[in-house]
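Enquirer: Under the numbering used here, think of the first position of the sequence shown as 2, with each following residue one higher. Ideal Cβ placement from N, Cα and C applies to all residues, glycine included. Let me begin by handing over the structure; questions about it come next.
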Amino acid sequence: MASHPVIHCQGVTKTFQGTPAVRDVSLFLEQGEILALVGPSGCGKTTLLRLVAGFESPNTGTITLDGRPVAGRGSWVSPEARQLGMVFQDYALFPNMTVVQNIAFGLGKLSRQAREDRVGEMLEMVRLNHLADRYPHQLSGGEQQRVALARSLAPHPLALLLDEPFSSLDPQLRAQLREEVKNILQSSGVTTIYVTHDQEEALFMGDKVAVMTSGSLEQVGTPEDIFHHPKTRFVAYFLVIAVFNLGRVDGYDL
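Spelled out as C-alpha coordinates, the structure:
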(Lines of atoms letter the chains of each structure in order from A and count residues from 1; the text may use other names and numbers.)
(Lines give C-alpha, C1' and ligand atoms only; values in the text may rest on other atoms or scores of the structure.)
Protein backbone atom coordinates (compact mmCIF):
# COMPACT_ATOMS: atom_id res chain seq x y z
CA MET A 1 0.00 0.00 0.00
CA ALA A 2 1.38 3.42 -1.02
CA SER A 3 2.37 5.78 1.74
CA HIS A 4 0.88 9.29 1.68
CA PRO A 5 1.94 12.45 3.48
CA VAL A 6 -0.32 12.92 6.49
CA ILE A 7 -0.91 16.57 5.52
CA HIS A 8 -0.39 17.80 1.97
CA CYS A 9 -1.19 21.31 0.74
CA GLN A 10 -0.71 22.01 -2.98
CA GLY A 11 -0.95 25.51 -4.41
CA VAL A 12 -3.29 26.71 -1.66
CA THR A 13 -4.52 30.30 -1.92
CA LYS A 14 -7.06 32.11 0.26
CA THR A 15 -8.31 35.65 -0.23
CA PHE A 16 -10.57 37.82 1.91
CA GLN A 17 -12.41 40.59 0.06
CA GLY A 18 -9.86 40.40 -2.72
CA THR A 19 -6.84 40.55 -0.42
CA PRO A 20 -4.65 37.41 -0.41
CA ALA A 21 -4.05 35.98 3.07
CA VAL A 22 -2.38 32.77 1.84
CA ARG A 23 -0.60 32.74 -1.53
CA ASP A 24 0.11 29.54 -3.48
CA VAL A 25 1.33 27.56 -0.46
CA SER A 26 2.59 24.01 -0.95
CA LEU A 27 3.94 21.84 1.87
CA PHE A 28 3.67 18.33 3.25
CA LEU A 29 4.19 16.51 6.54
CA GLU A 30 5.04 12.85 6.97
CA GLN A 31 3.90 10.68 9.86
CA GLY A 32 5.18 11.95 13.20
CA GLU A 33 6.75 15.14 11.86
CA ILE A 34 6.43 18.41 13.75
CA LEU A 35 6.30 21.44 11.47
CA ALA A 36 6.84 24.81 13.14
CA LEU A 37 5.09 27.48 11.06
CA VAL A 38 6.64 30.82 11.97
CA GLY A 39 6.29 34.39 10.79
CA PRO A 40 5.29 37.87 11.92
CA SER A 41 1.75 38.70 12.99
CA GLY A 42 -0.66 38.88 10.07
CA CYS A 43 1.51 36.83 7.70
CA GLY A 44 -1.18 34.18 7.11
CA LYS A 45 0.00 31.35 9.32
CA THR A 46 -3.22 31.08 11.36
CA THR A 47 -5.28 31.28 8.15
CA LEU A 48 -3.27 28.38 6.74
CA LEU A 49 -3.92 26.41 9.92
CA ARG A 50 -7.65 27.17 9.63
CA LEU A 51 -7.61 25.96 6.02
CA VAL A 52 -6.10 22.64 7.07
CA ALA A 53 -8.61 22.39 9.93
CA GLY A 54 -11.56 23.11 7.64
CA PHE A 55 -12.64 26.37 9.27
CA GLU A 56 -11.92 28.11 5.96
CA SER A 57 -12.01 26.84 2.37
CA PRO A 58 -9.29 27.64 -0.20
CA ASN A 59 -9.99 29.70 -3.30
CA THR A 60 -7.54 27.59 -5.25
CA GLY A 61 -5.34 24.58 -4.54
CA THR A 62 -5.97 21.31 -2.75
CA ILE A 63 -5.55 19.88 0.74
CA THR A 64 -5.29 16.15 1.41
CA LEU A 65 -5.08 14.32 4.73
CA ASP A 66 -3.46 10.89 4.62
CA GLY A 67 -4.16 10.78 0.89
CA ARG A 68 -7.82 11.77 1.25
CA PRO A 69 -8.90 14.99 -0.51
CA VAL A 70 -10.60 17.27 2.03
CA ALA A 71 -10.62 20.63 0.22
CA GLY A 72 -10.27 21.96 -3.32
CA ARG A 73 -11.27 20.78 -6.80
CA GLY A 74 -14.79 19.95 -5.73
CA SER A 75 -13.78 18.13 -2.53
CA TRP A 76 -14.95 19.23 0.89
CA VAL A 77 -14.81 17.43 4.22
CA SER A 78 -16.22 19.17 7.30
CA PRO A 79 -13.88 20.02 10.20
CA GLU A 80 -15.38 17.40 12.52
CA ALA A 81 -14.81 14.68 9.92
CA ARG A 82 -11.13 15.47 9.33
CA GLN A 83 -9.93 13.65 12.48
CA LEU A 84 -7.75 16.55 13.56
CA GLY A 85 -7.01 17.77 17.06
CA MET A 86 -6.61 21.47 17.71
CA VAL A 87 -5.23 23.46 20.63
CA PHE A 88 -6.23 27.11 20.67
CA GLN A 89 -4.51 30.13 22.18
CA ASP A 90 -7.10 30.33 24.97
CA TYR A 91 -7.14 26.54 25.62
CA ALA A 92 -10.98 26.42 25.21
CA LEU A 93 -11.47 24.15 28.22
CA PHE A 94 -14.98 23.60 29.54
CA PRO A 95 -15.11 25.57 32.82
CA ASN A 96 -17.83 23.39 34.37
CA MET A 97 -15.90 20.15 33.77
CA THR A 98 -13.03 18.63 35.72
CA VAL A 99 -9.70 17.77 34.16
CA VAL A 100 -10.86 14.17 33.68
CA GLN A 101 -14.15 15.24 32.12
CA ASN A 102 -12.42 17.67 29.76
CA ILE A 103 -10.00 14.99 28.54
CA ALA A 104 -12.81 12.45 28.14
CA PHE A 105 -15.03 14.84 26.19
CA GLY A 106 -14.19 13.47 22.72
CA LEU A 107 -14.26 9.81 23.75
CA GLY A 108 -18.02 9.29 23.92
CA LYS A 109 -18.01 6.40 21.44
CA LEU A 110 -15.73 4.29 23.63
CA SER A 111 -16.91 1.95 26.35
CA ARG A 112 -16.67 3.27 29.89
CA GLN A 113 -13.62 1.13 30.64
CA ALA A 114 -11.84 2.08 27.42
CA ARG A 115 -12.61 5.73 28.10
CA GLU A 116 -11.21 5.53 31.64
CA ASP A 117 -8.11 3.74 30.38
CA ARG A 118 -7.45 6.34 27.70
CA VAL A 119 -7.95 9.25 30.10
CA GLY A 120 -5.54 7.56 32.50
CA GLU A 121 -2.94 7.28 29.74
CA MET A 122 -3.33 10.96 28.90
CA LEU A 123 -3.08 12.06 32.53
CA GLU A 124 0.11 10.04 32.84
CA MET A 125 1.53 11.49 29.62
CA VAL A 126 0.97 15.11 30.65
CA ARG A 127 1.77 14.40 34.33
CA LEU A 128 -1.50 15.70 35.76
CA ASN A 129 -2.76 12.65 37.68
CA HIS A 130 -2.74 14.64 40.91
CA LEU A 131 -5.06 17.27 39.41
CA ALA A 132 -7.60 14.93 37.84
CA ASP A 133 -10.58 16.26 39.82
CA ARG A 134 -9.71 19.97 39.59
CA TYR A 135 -11.60 22.49 37.50
CA PRO A 136 -9.89 24.79 34.96
CA HIS A 137 -10.07 27.86 37.21
CA GLN A 138 -8.09 25.91 39.82
CA LEU A 139 -5.20 25.31 37.41
CA SER A 140 -2.25 27.43 36.33
CA GLY A 141 -1.93 28.53 32.71
CA GLY A 142 0.64 25.83 32.04
CA GLU A 143 -1.55 23.14 33.58
CA GLN A 144 -4.54 24.27 31.53
CA GLN A 145 -2.41 24.06 28.40
CA ARG A 146 -1.44 20.47 29.18
CA VAL A 147 -5.10 19.55 29.76
CA ALA A 148 -5.98 21.05 26.37
CA LEU A 149 -3.17 19.06 24.76
CA ALA A 150 -4.29 15.84 26.45
CA ARG A 151 -7.89 16.40 25.34
CA SER A 152 -6.77 16.88 21.74
CA LEU A 153 -4.56 13.78 21.77
CA ALA A 154 -7.04 11.49 23.53
CA PRO A 155 -9.10 10.49 20.44
CA HIS A 156 -5.96 9.46 18.48
CA PRO A 157 -6.19 12.29 15.92
CA LEU A 158 -4.70 11.95 12.46
CA ALA A 159 -2.77 15.15 13.15
CA LEU A 160 -2.59 17.94 15.70
CA LEU A 161 -2.81 21.68 15.03
CA LEU A 162 -1.50 24.13 17.64
CA ASP A 163 -2.13 27.85 17.23
CA GLU A 164 0.24 30.00 19.33
CA PRO A 165 -0.32 27.70 22.33
CA PHE A 166 1.95 29.62 24.71
CA SER A 167 1.18 33.19 23.66
CA SER A 168 -0.57 34.11 26.91
CA LEU A 169 2.16 32.74 29.19
CA ASP A 170 5.16 34.55 30.64
CA PRO A 171 8.56 33.92 28.97
CA GLN A 172 9.95 31.71 31.74
CA LEU A 173 6.91 29.43 31.71
CA ARG A 174 6.93 29.37 27.89
CA ALA A 175 10.49 28.05 27.87
CA GLN A 176 9.62 25.34 30.38
CA LEU A 177 6.40 24.29 28.68
CA ARG A 178 7.73 24.09 25.15
CA GLU A 179 10.22 21.46 26.27
CA GLU A 180 7.47 19.49 28.01
CA VAL A 181 5.11 19.79 25.04
CA LYS A 182 7.77 18.73 22.55
CA ASN A 183 8.45 15.62 24.63
CA ILE A 184 4.71 14.86 24.71
CA LEU A 185 4.35 15.31 20.95
CA GLN A 186 7.36 13.13 20.23
CA SER A 187 6.24 10.37 22.59
CA SER A 188 2.73 10.38 21.09
CA GLY A 189 4.09 10.21 17.53
CA VAL A 190 1.38 12.54 16.23
CA THR A 191 1.96 14.65 13.13
CA THR A 192 1.81 18.31 14.17
CA ILE A 193 1.63 21.82 12.76
CA TYR A 194 2.78 24.26 15.42
CA VAL A 195 2.09 27.94 14.71
CA THR A 196 4.19 30.58 16.48
CA HIS A 197 5.58 34.07 15.92
CA ASP A 198 8.55 33.25 18.18
CA GLN A 199 11.67 32.41 16.16
CA GLU A 200 13.49 30.64 18.98
CA GLU A 201 10.41 28.58 19.76
CA ALA A 202 10.06 27.53 16.12
CA LEU A 203 13.67 26.41 15.85
CA PHE A 204 13.32 24.42 19.08
CA MET A 205 9.94 22.80 18.41
CA GLY A 206 10.07 21.84 14.74
CA ASP A 207 11.55 18.86 12.95
CA LYS A 208 10.89 21.16 10.00
CA VAL A 209 10.44 24.92 10.05
CA ALA A 210 8.38 26.89 7.53
CA VAL A 211 9.02 30.64 7.48
CA MET A 212 6.05 32.66 6.21
CA THR A 213 5.58 36.30 5.25
CA SER A 214 2.82 38.16 3.40
CA GLY A 215 0.93 34.91 2.85
CA SER A 216 3.81 33.07 1.17
CA LEU A 217 6.31 30.49 2.34
CA GLU A 218 9.82 31.92 2.15
CA GLN A 219 11.65 28.73 3.11
CA VAL A 220 10.95 25.25 4.46
CA GLY A 221 13.69 23.08 5.94
CA THR A 222 15.22 21.63 9.07
CA PRO A 223 15.98 24.07 11.90
CA GLU A 224 19.69 23.65 11.17
CA ASP A 225 19.23 24.36 7.46
CA ILE A 226 17.02 27.39 8.07
CA PHE A 227 19.42 28.79 10.68
CA HIS A 228 22.68 28.22 8.83
CA HIS A 229 21.50 28.62 5.23
CA PRO A 230 18.68 31.18 4.96
CA LYS A 231 17.59 31.43 1.33
CA THR A 232 16.22 34.97 1.41
CA ARG A 233 17.00 38.26 3.03
CA PHE A 234 13.70 38.11 4.92
CA VAL A 235 14.49 34.71 6.48
CA ALA A 236 17.92 35.89 7.60
CA TYR A 237 16.51 39.16 8.93
CA PHE A 238 13.56 37.52 10.67
CA LEU A 239 15.76 34.99 12.42
CA VAL A 240 18.20 37.75 13.42
CA ILE A 241 21.23 35.85 12.20
CA ALA A 242 22.59 38.32 9.68
CA VAL A 243 23.57 41.95 9.78
CA PHE A 244 23.10 43.85 6.56
CA ASN A 245 25.22 46.88 5.92
CA LEU A 246 23.70 49.33 3.50
CA GLY A 247 26.07 51.18 1.24
CA ARG A 248 27.29 51.63 -2.30
CA VAL A 249 29.90 49.62 -4.16
CA ASP A 250 30.99 50.76 -7.61
CA GLY A 251 27.90 52.89 -7.95
CA TYR A 252 25.42 50.13 -7.01
CA ASP A 253 23.08 50.37 -4.03
CA LEU A 254 23.36 47.42 -1.63
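1. Based on DSSP bridge pairs, tell me the residues matched to Pro-21.
2. Does DSSP classify Met-87 as helix, strand or coil?
3. Measure the Cβ-Cβ separation of Ala-37 and Thr-192 and say whether it is below 8 Å.
4. Is the beta carbon of Gly-86 closer than 8 Å to that of Ser-42?
5. By how many angstroms is the C-alpha of Gly-107 removed from the C-alpha of Ala-160?
6. Have a look at Gln-139 and Phe-95 and give me their C-alpha separation to the nearest angstrom.
7. Rounded to whole angstroms, what's the CA-CA distance from Leu-240 to Thr-214? Just pull it up for me.
8. Could you pull out every residue in the same chain whose Cβ sits closer than 8 Å to the Cβ of Thr-99, ignoring the five residues on either side in sequence?
9. Tell me the rounded alpha-carbon separation between Ile-104 and Arg-119.
10. Does the pairing of the segment 170-177 with the segment 141-149 give three or more beta-carbon distances under 8 Å?
11. Since Val-236 sits in a beta bridge, which residues does DSSP pair it with?
12. Taking the alpha carbon of Asp-164 as the reference point, which residue from Gly-40, Ser-189, Lys-232 has its own alpha carbon closest?
Expert: Taking the structure as given:
1. Translated into the one-based positions of the sequence shown, residue 21 becomes position 20. Beta-bridge pairing links Pro-21 to Thr-16.
2. Indexing the sequence shown from 1 puts residue 87 at position 86. The answer is strand: DSSP assigns Met-87 an E or B state.
3. Taking the sequence shown and counting its residues from 1, one reaches residue 37 at position 36. Taking the sequence shown and counting its residues from 1, one reaches residue 192 at position 191. Cβ distance not < 8 Å, so Ala-37 and Thr-192 don't count as in contact.
4. In the sequence shown, residue 42 corresponds to position 41, counting from 1. In the sequence shown, residue 86 corresponds to position 85, counting from 1. In this structure, Gly-86 does not lie closer than 8 Å to Ser-42 by Cβ.
5. Walking along the sequence shown from the start, residue 160 turns up at place 159. Walking along the sequence shown from the start, residue 107 turns up at place 106. Approximately 15 Å, taken between the alpha carbons.
6. The residue labelled residue 139 in the question sits at position 138 within the sequence shown. The residue labelled residue 95 in the question sits at position 94 within the sequence shown. When rounded, the distance between both Cα atoms is 13 Å.
7. Here residue 240 refers to the residue found at position 239 of the sequence shown. Here residue 214 refers to the residue found at position 213 of the sequence shown. Taking the straight line from one Cα to the other gives about 13 Å.
8. Here the question's residue 99 lines up with position 98 in the sequence shown. Contacts found: Ala-133, Asp-134, Arg-135, Tyr-136.
9. Locating residue 104 in the sequence shown gives position 103, where the first residue counts as 1. Locating residue 119 in the sequence shown gives position 118, where the first residue counts as 1. Computed Cα separation, rounded: 9 Å.
10. In this structure the segment 170-177 touches the segment 141-149; the number of beta carbon pairs closer than 8 Å is three or more.
11. In the sequence shown, counting from the first residue as 1, residue 236 sits at position 235. Its beta-bridge partners do not exist; DSSP assigns none.
12. Along the sequence shown, one-based indexing puts residue 164 at 163. Residue Gly-40 is the option with its Cα nearest to Asp-164.
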